[in-house]
Amino acid sequence: MDSFQTVLRFFMNQKATIGYSFMALLTIGGERVFSMVSFQCPCNHDQNFAYGLTFLLGPAAVLLVLGLFFSSRLWRLYTGCCLNPTKLCPRGNCFNCFRVLLSIFSGACVAPIMWLCVALLNGTFYECAVSGLDDNVVVDLFCHNKTMKCREELARVPCERSKLSSDERIELLLMFRAQSQILGWCIIIISTVVGLIGTCCKNCRSKVSYLQLTFWKRYIEKEKEQFDTFAGEYATKLAARNLQSFFDNKNPDPFPFPNHKSWDEISALYTFSRSEQYYSTLQRYVERGDRDFSPEKRSVLDTDYGLEMA
0 MDSFQTVLRF FMNQKATIGY SFMALLTIGG ERVFSMVSFQ CPCNHDQNFA YGLTFLLGPA
60 AVLLVLGLFF SSRLWRLYTG CCLNPTKLCP RGNCFNCFRV LLSIFSGACV APIMWLCVAL
120 LNGTFYECAV SGLDDNVVVD LFCHNKTMKC REELARVPCE RSKLSSDERI ELLLMFRAQS
180 QILGWCIIII STVVGLIGTC CKNCRSKVSY LQLTFWKRYI EKEKEQFDTF AGEYATKLAA
240 RNLQSFFDNK NPDPFPFPNH KSWDEISALY TFSRSEQYYS TLQRYVERGD RDFSPEKRSV
300 LDTDYGLEMA
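Residues in the sequence shown are numbered from 0 upward in steps of one, following numbering that gives the first Met the number 0.
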């Protein structure tokens, strides 16, 4: 039993690494499916570049949008900011808001960068895209010391219907593949170096020690887990109370519930201060001595069916 708990604790502590590894496997599998099933290079000068670039950058753009869409931190920061712009920069700390947005964007870029690296290392999309370029400099680079037929047949090289000799075609394909893999490795190296430098700068500017920062991260994870659990249980009790009141045709029992101002306060962007030993806006709120416990006299909720007033 102890061994099982040790293994379970190890996997729980390595959630980020396991998640990124699983994402990498999905990216590799998705790229192979695209290459083998749906990708068919048209092999003509007019369409090769656009077609290859679409398959190279299109999935990366979709993954970036999905990464932002499923970011709870982004929606926590963004929700309600059109009606209350100060939510973006609480206490006038716009730099902290920019830092959080940069962190959200960099996290969303992980999957697109993985896709670009895998696609470039494979080389299929790059071969199709670059063979359709009509730029004289590019054509001269690929067809240097070769016949005019190379220039005419360059767009057909990714396909087997090229009129070039087998050796010339394989040579060009190897050149395309080498350039694609060089670009892929450049992106990998740049991403890892930027990630390392960013992590070093972030830890160097940390206002707390390493152990306290580790505790802070653990606390944020546990608070989110407990919030989801507690919110689910509380919502179930509230729904049961409302349904019972409706079907019994009587006034509902009193039910304590935070007011709108309290929800706004705990949803705000947290800014660390050395004068206060808090680890989240929720902890800062519950430890305040001047908390407002009064319920809302009139609540307005914007729903799919219009305005619902109580």
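Glycine included, C-beta positions come from ideal geometry on N, C-alpha and C.
Rounded Cβ spacing between residue i and residue j (contact assumed at less than 8 angstroms)
{"i": "G183", "j": "L120", "result": "4 angstroms"}
{"i": "V317", "j": "R155", "result": "Nothing can be reported for residue 317, as the shown portion of the chain is limited to 0 through 309."}
{"i": "G122", "j": "Q39", "result": "Not really, about 16 angstroms apart at Cβ, beyond 8 angstroms."}
{"i": "L171", "j": "F48", "result": "At roughly 16 angstroms, the Cβ-Cβ gap does not stay under 8 angstroms, so L171 and F48 are not in contact."}
Given residue i as reference, the closest of the options once Cα atoms are compared
{"i": "F254", "options": "L268, A177, K236", "result": "K236"}
{"i": "D291", "options": "Y209, F69, S261", "result": "S261"}
{"i": "I78", "options": "D263, G288, R273", "result": "Per the sequence presented here, residue 78 reads as Thr, with Ile not at that position. Closest option to T78, Cα to Cα, is D263."}
{"i": "F271", "options": "I186, Q211, L76, K206", "result": "K206"}
{"i": "W114", "options": "V32, S165, L163, R98", "result": "V32"}
{"i": "M22", "options": "H44, E170, C108", "result": "C108"}
{"i": "H259", "options": "L67, R160, S293", "result": "S293"}
Residue i at chain D interface by Cβ criterion, 8 angstroms
{"i": "L268", "result": "Structure shown: chain D not included; a single protein chain is present."}
Under the three-state DSSP convention, the category residue i falls into
{"i": "P257", "result": "coil"}
{"i": "S274", "result": "coil"}
{"i": "A110", "result": "helix"}
{"i": "Y269", "result": "coil"}
{"i": "Q39", "result": "coil"}
{"i": "K223", "result": "helix"}
{"i": "L82", "result": "coil"}
{"i": "E159", "result": "coil"}
{"i": "S71", "result": "helix"}
Residue i and residue j closer than 8 angstroms at C-beta
{"i": "G29", "j": "F124", "result": "no"}
{"i": "R240", "j": "P251", "result": "yes"}
{"i": "E232", "j": "R176", "result": "no"}
{"i": "L55", "j": "A110", "result": "no"}
{"i": "K323", "j": "C93", "result": "In this structure the chain extends from 0 to 309, so residue 323 is not present and cannot be described."}
{"i": "I112", "j": "R72", "result": "no"}
{"i": "E268", "j": "L76", "result": "Per the sequence shown, residue 268 should be read as Leu rather than Glu. Taking 8 angstroms as the Cβ cut-off, L268 and L76 qualify as a contacting pair."}
{"i": "V117", "j": "I27", "result": "yes"}
{"i": "S130", "j": "L153", "result": "yes"}
Exposure label - residue i; buried when at least 16 CB within 10 Å
{"i": "Y278", "result": "buried"}
{"i": "S274", "result": "exposed"}
{"i": "C336", "result": "Lying before the first or after the last residue shown, residue 336 is absent from the chain, which here runs from 0 to 309."}
Residue i beta carbon near the ligand MN (any heavy atom closer than 7 angstroms)
{"i": "S164", "result": "Ligands in the displayed structure: none, and consequently the ligand MN is not present."}
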